[in-house]
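Position one of the sequence shown corresponds to residue 7 (the working numbering), numbered consecutively onward. Don't be surprised by glycine CBs; every beta carbon is placed ideally from N, CA and C. Heads up, the thing below is written out as structure tokens.
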Amino acid sequence: MTKCSLDIEIPNVKAFSYETAEDLPQSHQQVLCVGKRGSGKTIAVVNLIKKMKYDRIFWISPTCKSNQTIMSMLKIRDEDIYEDIDDTSVPDQIKAEVEEEARLYDEYHRKMEKYKLFVQQKNKNFIDDDLLLEFFNPNTDQFEKPEHWLDGKRPHMCCVYDDCLGSVLFSKGSRKIVNSAILHRHMGAVTEQGALGISQYFLTQSFKTQTGGIPRAVRNNCTSMIIFKTKSDKELAEIQEEVGGEVSKEDFYKIYEYATAEPHSFLYIDMHPKPNHPSKYRKKFNEFICVNENLVKSD
Numbered sequence: 007m008t009k010c011s012l013d014i015e016i017p018n019v020k021a022f023s024y025e026t027a028e029d030l031p032q033s034h035q036q037v038l039c040v041g042k043r044g045s046g047k048t049i050a051v052v053n054l055i056k057k058m059k060y061d062r063i064f065w066i067s068p069t070c071k072s073n074q075t076i077m078s079m080l081k082i083r084d085e086d087i088y089e090d091i092d093d094t095s096v097p098d099q100i101k102a103e104v105e106e107e108a109r110l111y112d113e114y115h116r117k118m119e120k121y122k123l124f125v126q127q128k129n130k131n132f133i134d135d136d137l138l139l140e141f142f143n144p145n146t147d148q149f150e151k152p153e154h155w156l157d158g159k160r161p162h163m164c165c166v167y168d169d170c171l172g173s174v175l176f177s178k179g180s181r182k183i184v185n186s187a188i189l190h191r192h193m194g195a196v197t198e199q200g201a202l203g204i205s206q207y208f209l210t211q212s213f214k215t216q217t218g219g220i221p222r223a224v225r226n227n228c229t230s231m232i233i234f235k236t237k238s239d240k241e242l243a244e245i246q247e248e249v250g251g252e253v254s255k256e257d258f259y260k261i262y263e264y265a266t267a268e269p270h271s272f273l274y275i276d277m278h279p280k281p282n283h284p285s286k287y288r289k290k291f292n293e294f295i296c297v298n299e300n301l302v303k304s305d
């Protein structure tokens, strides 16, 4: 066998941009949560989002403001709640917000580089006129350090689509939903370290529908799934076919039955588990299910 010098080079960058706690999934995430009405989809997703410690949360749902008991667990700005699920411009609006966060992040770090120079010159009692004008605030008669709402930390953001099944957004606007699913990690490009990106959560009562449901491209780009008990054998078979992957059909059904045995319990599947995670399957979020072994609880 003759070899040539065209080896594949792997760039030294991380596929997941944000550090998360040991037992949590990696980030960014694209999560599909499937369960009938009243199954507990919203409370499950709210709990996961809270643990993921997002800095900014966008919530698209006609029922968000009327569900304050659950939503009060999260800190969501009023302007980041989108109630009109027939407005196909919503994905564009959220993308614009992510890009604005990227602009503010870059602007802060550019100004901080100048501010460091300003401090150096100030200590030497000689300050360039441009730097004087940059950091002097005539309203306070003070030199002021640049500010950023997260003190220069990369904003960790997510977007939730809840109760949008059958909406105009998910029918006529499906191309924008698909585009955001494909490009979610690449939104909000910054000068260094790629892009801010945004995690996405899709809550739905049905895994597949003819129109107005979760597009196939969204399902194919999921990094994790939350699956509640379903009475539809066909739906469960479709889920198994798309996400069962490395285990047999029989083992998948056993895992599913164990995870969903109690009311409001669910099967959580992490397509990209961390190296320290013993399995991609969990009962709810706190119990790993190891195939063909005893059940192993996470620490």
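I'd like to know if the stretch 231 to 243 and the stretch 38 to 51 are in contact, where contact means that at least 3 CB-CB pairs between them fall below 8 Å. yes
Tell me which residue opens and which closes the alpha helix (DSSP H) that V37 is part of. Within the sequence shown, numbered from 1, the residue matching residue 37 stands at position 31. Taken as a continuous stretch (DSSP letters only), V37 belongs to no alpha helix (DSSP H), being part of the beta strand (DSSP E) at 36 to 40.
When you compare only the Cα positions, how much space is there between L301 and A267? Locating residue 301 in the sequence shown gives position 295, counting from the first residue. Locating residue 267 in the sequence shown gives position 261, counting from the first residue. Confidence at L301 is low in this model, with a pLDDT of 46, below 50, so its placement is unreliable and no value can be given for it.
Within 10 Å of its beta-carbon, does E103 have 16 or more other beta-carbons around it, so buried, or fewer, so exposed? Counting from 1 along the sequence shown, the entry for residue 103 is found at position 97. It is buried - the Cβ of E103 has at least 16 other Cβ atoms within 10 Å.
Going by beta carbon distance, what residues of the same chain come within less than 7 Å of A223, once the five residues before and after it are set aside? Walking along the sequence shown from the start, residue 223 turns up at place 217. Within the same chain, A223 has close Cβ partners V184, A187, I188.
Between the stretch 138 to 145 and the stretch 48 to 65, are three or more C-beta pairs nearer than 8 Å? no
For C296 and Q246, I'd like the C-alpha separation in whole angstroms. Here residue 296 corresponds to residue number 290 of the sequence shown, with the count starting at 1. Here residue 246 corresponds to residue number 240 of the sequence shown, with the count starting at 1. Cα to Cα, the separation comes out at about 17 Å.
Taking contact to mean at least 3 C-beta pairs separated by less than 8 Å, is the stretch 82 to 92 in contact with the stretch 105 to 112? no
State the beta-bridge partners of V166 as determined by DSSP. Position 160 of the sequence shown, counting from 1, holds the residue named residue 166. V166 is bridged to W65, Y207.
Which class does K290 belong to by DSSP, given the choice of helix, strand or coil? The residue given as residue 290 occupies position 284 in the sequence shown. In this structure, K290 counts as coil in the three-state DSSP scheme.
My parser needs the beta strand (DSSP E) runs of 3 or more residues fully inside the stretch 208 to 256; what are they? 230 to 234
Mind checking which residues open and close the beta strand (DSSP E) that includes I275? In the sequence shown, the residue the question calls residue 275 occupies position 269. Counting along the chain, the beta strand (DSSP E) containing I275 begins and ends at 272 to 276.
For the stretch 118 to 148, list the alpha helix (DSSP H) runs that are entirely contained and at least 4 residues long, ordered along the chain. 135 to 141
In or out: C228 buried (at least 16 other Cβ within 10 Å) or exposed? In the sequence shown, counting from the first residue as 1, residue 228 sits at position 222. It counts as buried.
If I'm right that Y24 touches H162 with Cβ under 8 Å, what's the distance once you round it to whole angstroms? One-based indexing of the sequence shown puts residue 24 at position 18. One-based indexing of the sequence shown puts residue 162 at position 156. Going by Cβ atoms, the distance from Y24 to H162 rounds to 5 Å, so yes, they are a contact pair.
Within 8 Å, strictly: CB atoms of G219 and S230: As a first step, residue 219 must be located in the sequence shown, where it is residue number 213. As a first step, residue 230 must be located in the sequence shown, where it is residue number 224. Result no, Cβ atoms of G219 and S230 do not sit closer than 8 Å.
I311 bridges to which residues according to DSSP? The requested residue 311 does not occur in the structure, where the chain is confined to residues 7 to 305.
Among all the DSSP beta bridges, which residues are the ones paired with A201? Counted from its first residue, the sequence shown places residue 201 at position 195. DSSP output for A201 lists A195 as bridge partner(s).
C-alpha distance - E140 paired with S78, whole-angstrom precision: Taking the first residue of the sequence shown as position 1, residue 140 is located at position 134. Taking the first residue of the sequence shown as position 1, residue 78 is located at position 72. Going by the C-alpha atoms only, they are around 40 Å apart.
Cα separation between E293 and D257? Within the sequence shown, residue 293 is the residue found at index 287, counting from 1. Within the sequence shown, residue 257 is the residue found at index 251, counting from 1. The alpha-carbon atoms of E293 and D257 are separated by roughly 17 Å.
I need the DSSP call for L80, collapsed to helix, strand or coil. As a working mapping, residue 80 is identified with position 74 in the sequence shown. Note: L80 maps to coil in three-state DSSP.
Name, in chain order, the residues that DSSP records as bridge partners for Y24. Against the sequence shown, residue 24 aligns to sequence position 18. Its beta-bridge partners are S33.
According to DSSP, simplified to helix, strand and coil, what is E268? Here residue 268 refers to the residue found at position 262 when the sequence shown is read from its first residue. E268: coil per DSSP, three-state reduction.
Kindly give me the distance between the Cβ atoms of C170 and Q206, rounded to whole angstroms, as I take these residues to be in contact under 8 Å. Taking the first residue of the sequence shown as position 1, residue 170 is located at position 164. Taking the first residue of the sequence shown as position 1, residue 206 is located at position 200. Actually they are not in contact, since the Cβ atoms of C170 and Q206 sit about 12 Å apart, beyond 8 Å.
Can you look up T8 in the DSSP assignment and give me helix, strand or coil? The residue you call residue 8 lines up with position 2 of the sequence shown. T8 falls in the coil class under three-state DSSP.
List the endpoints of the continuous alpha helix (DSSP H) containing N53. The sequence position of residue 53 within the sequence shown is 47, counting from 1. It spans 47 to 58 - the alpha helix (DSSP H) in which N53 sits, taken as one unbroken run.
Hey, D168 and T94: beta-carbon distance below 8 Å or not? Start at 1 with the first residue of the sequence shown, and residue 168 comes out as number 162. Start at 1 with the first residue of the sequence shown, and residue 94 comes out as number 88. Not in contact: D168 and T94 (Cβ atoms no closer than 8 Å).
What did DSSP end up calling I295 once you bin it into helix, strand or coil? Here residue 295 refers to the residue found at position 289 when the sequence shown is read from its first residue. Coil, per DSSP.
Decide yes or no for the touch test of the stretch 50 to 57 against the stretch 150 to 158: beta carbon pairs closer than 8 Å, at least 3 of them. no
K290 and S271 closer than 8 Å at C-beta: The residue labelled residue 290 in the question sits at position 284 within the sequence shown. The residue labelled residue 271 in the question sits at position 265 within the sequence shown. Cβ distance < 8 Å, so K290 and S271 count as in contact.
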